[in-house]
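Trainee: The structure's right below; bear with me while I get my questions together.
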Amino acid sequence: MQQQIQLTVDGIAIIRLQGDLDHHAANRIREDISQAIYQGSIHAIIWNLGDLQFMDSAGIGLILGRMRDLAPINGQTVILNPSATMQKIFQFSGLSKYIWQDTEDQVIRTLGGILNG
Numbered sequence: 001m002q003q004q005i006q007l008t009v010d011g012i013a014i015i016r017l018q019g020d021l022d023h024h025a026a027n028r029i030r031e032d033i034s035q036a037i038y039q040g041s042i043h044a045i046i047w048n049l050g051d052l053q054f055m056d057s058a059g060i061g062l063i064l065g066r067m068r069d070l071a072p073i074n075g076q077t078v079i080l081n082p083s084a085t086m087q088k089i090f091q092f093s094g095l096s097k098y099i100w101q102d103t104e105d106q107v108i109r110t111l112g113g114i115l116n117g
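So in UniProt numbering, spot 107 of the sequence shown is number 107, and the numbers just go up one at a time.
Below is the structure:
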């Protein structure tokens, strides 16, 4: 499992996941992202799943948990590029409304952020 986390100037985290997202990988990501949310560094998360091959229930829990972390600050969550199988999982989980059919740059503009770097 590889991950890339990029922060914009305006507090948007772009999380690009590659490979398989299992329980162990989800725990590592959870710690990094939750800490940044609690420190006030992040107000929105873009989950780019375009290179993700597999995600088990821990992946759904990871996304749902970060949504819960963002709720007190009215933070936003966007999911990009899920596979067809993942889209069905998100639909059954009630998360399909968070799937956007945009690019990362379009989402950042919509959320009001400016890409840093």
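Here a beta-carbon is modelled for each residue, glycine too, at the ideal position from N, C-alpha and C.
1) Please confirm if the region 83-101 is in contact with the region 24-43, defined as three or more CB-CB distances below 8 angstroms between the two stretches.
2) Where does residue 129 sit, in a helix, a strand or coil, going by DSSP?
3) Just to confirm, is the Cβ distance from Ile29 to Ala13 under 8 angstroms?
4) Given the structure, does Gln53 come close to the ligand COA, in the sense that its CB is under 7 angstroms from one of the ligand's heavy atoms?
5) Tell me which same chain residues have a C-beta within less than 6 angstroms of the C-beta of Ser96, skipping the five on either side of it?
6) Could you have a look at Pro111 and say whether DSSP puts it in helix, strand or coil?
7) Less than 8 angstroms between C-beta atoms, sequence neighbours within five positions excluded: which residues of the same chain meet that for Trp47?
8) Give the secondary structure of Asp69 by DSSP, where H, G and I count as helix, E and B as strand, and everything else as coil.
9) Taking 7 angstroms as the limit between beta carbons, can you name the residues of its chain near Gly59, skipping five residues before and five after?
10) Report buried or exposed for Arg66, applying the criterion of at least 16 other Cβ atoms within 10 angstroms of its Cβ.
11) Can you give me the C-alpha to C-alpha distance between Ala36 and Thr103, rounded to a whole angstrom?
Mentor: In short:
1) no
2) Residue 129 falls outside the range modelled here, since the chain spans only 1 to 117, and no answer is possible.
3) For the purposes of this step, residue 29 is taken as the residue at position 29 of the sequence shown. For the purposes of this step, residue 13 is taken as the residue at position 13 of the sequence shown. The answer is no: Cβ separation not under 8 angstroms.
4) You won't find the ligand COA in this model; it holds no ligand whatsoever.
5) Taking the first residue of the sequence shown as position 1, residue 96 is located at position 96. Hits under 6 angstroms: Phe90.
6) For the purposes of this step, residue 111 is identified with residue 111 of the sequence shown, where counting begins at 1. Inspection of the sequence shows that residue 111 is occupied by Leu rather than by Pro. It is helical.
7) Looking up residue 47 in the sequence shown gives position 47. The answer, listed in chain order, is Ile15, Leu17, Ile63, Thr77, Val78, Ile79, Leu80.
8) Numbered from 1 along the sequence shown, position 69 holds the residue referred to as residue 69. Correct three-state label for Asp69: helix.
9) In the sequence shown, counting from the first residue as 1, residue 59 sits at position 59. Cβ neighbours of Gly59 within its own chain (closer than 7 angstroms, five residues either side excluded): Leu21, Ala26.
10) The count along the sequence shown starts at 1 and reaches residue 66 at position 66. Here Arg66 is buried: its Cβ has 16 or more other Cβ atoms, across all protein chains shown, within 10 Å.
11) Against the sequence shown, residue 36 aligns to sequence position 36. Against the sequence shown, residue 103 aligns to sequence position 103. In a straight line, the C-alpha of Ala36 is about 24 angstroms away from that of Thr103.
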